[in-house]
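One structure is given here, and the rest of the page talks about it.
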Amino acid sequence: AQSVTQLDSHVSVSEGTPVLLRCNYSSSYSPSLFWYVQHPNKGLQLLLKYTSAATLVKGINGFEAEFKKSETSFHLTKPSAHMSDAAEYFCRGSTFIFGSGTRLSVKP
Amino acid sequence: NAGVTQTPKFQVLKTGQSMTLQCAQDMNHNSMYWYRQDPGMGLRLIYYSASEGTTDKGEVPNGYNVSRLNKREFSLRLESAAPSQTSVYFCASSERYPPRNEQFFGPGTRLTVL
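Put into C-alpha cells, the structure is as follows:
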C-alpha cells in the first residue's frame, strides 16, 4: 500500500523568504499525490494535486510542487512566504492516507 | 453550495455516553469518509463509504460505527465514548473512490470525552 512521509514536523521561515515542505512517498506504481492546507480551527483545503499529467504542479496562493520519481518525492515550495501562509500542511497519497503534517510558522 | 457540513461543531461527553456525528454533502459525490485528527498523527481514516449502500473500515475503526443514510449523508456513531476518542473529527467526500480524487472536507467536530 502507498504511504507518504512528511520529513519535518515544524518549519519556521521569515516573511519574504522561500518555503520548502518535504514529502516522500512509497509506491510500486505511479501515484496520485496531493497537498492540503489547514488553517487554525478549519477544515482541510486542497492546494494542488499530481495525477501524472505534468511533473511540476502549480497550486493556489503561489504554491507549487515537483514530482520526482527518482527521489520518490513531492516537495511543496513557495518563493516568498506571507504571514497568511502560517498553517498546517498535509501530504496525501492515492489511498487517502495522510502524512503526519508540517506546521509552518512565518516570522515577521 | 454549502459543500460538506458537519454537526455539531463542539461536543463534550462523559465516558460511556453515546453520540452520533452527522455529515452531509451537497456535491452529489459518491464517496464519503470519516477521519480523526490528533496532534502529531495527521489524519487517520476511521471508516469510508465508497458508494451509497457500502461502508468499509479504515485504519482506526475500533469503537465506531457508521451509517450511509443516503447519497448525501454519512453519520459516525460512538456507542460508548472513551477518553481516547477525544479528537477532532472530519468528514470528507469525493466524486468517486480512488484513485486520483480530490477530497472536500467539512469544518470538523471537536469532541472531548471526560
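Just so you know, the protein sequences line up as chains A and B, in that order.
Taking the working numbering, the leading residue of the first sequence gets 18, the next gets one more, and so forth.
Taking the working numbering, the leading residue of the second sequence gets 135, the next gets one more, and so forth.
The C-beta atom is built at its ideal place from N, Cα and C for all residues, glycine as well.
Predicted model, so just to flag it, every value in this text is computed and none were measured.
Asked	Found
Taking only beta-carbon positions, decide if T72 (chain A) is within less than 8 Å of chain B.	no
Of all the residues that make up the segment 58-89 of chain A, which are near chain B by a beta-carbon distance shorter than 9 Å?	N58, K59, G60, L61, Q62, L63, K66, T68, S69
Does the Cβ of R202 (chain B) have 16 or more other Cβ atoms within 10 Å, making it buried, or fewer, making it exposed?	buried
Cβ of F239 (chain B) less than 8 Å from any chain A Cβ?	yes
Count the other CB atoms, across all protein chains shown, that sit within 10 Å of the CB of T188 (chain B); report buried if there are 16 or more and exposed otherwise.	exposed
Considering only the beta carbon of each residue, do L248 (chain B) and V138 (chain B) sit closer than 8 Å?	no
Got a sec? Which residues, its chain only, sit under 6 Å from Q62 (chain A) by beta carbon, not counting five neighbours each side?	V54
By the 9 Å beta-carbon criterion, what residues does the segment 22-48 of chain A contribute toward chain B?	Q23, S26, P48
Rounding to the nearest angstrom, what Cα-Cα distance links N58 (chain A) and K86 (chain A) in this structure?	34 Å
Leaving out the 5 sequence neighbours to the left and right, which residues in its chain are closer than 6 Å to T246 (chain B) when beta-carbon positions are compared?	V146, T220
When you compare the CB of S117 (chain A) with every CB in chain B, is at least one pair closer than 8 Å?	yes
Does chain B have any CB closer than 8 Å to the CB of F91 (chain A)?	no
List the DSSP bridge partners of V194 (chain B).	DSSP output for V194 (chain B) lists no bridge partner at all.
Alpha carbon to alpha carbon, what distance is there between L121 (chain A) and Y106 (chain A)?	7 Å
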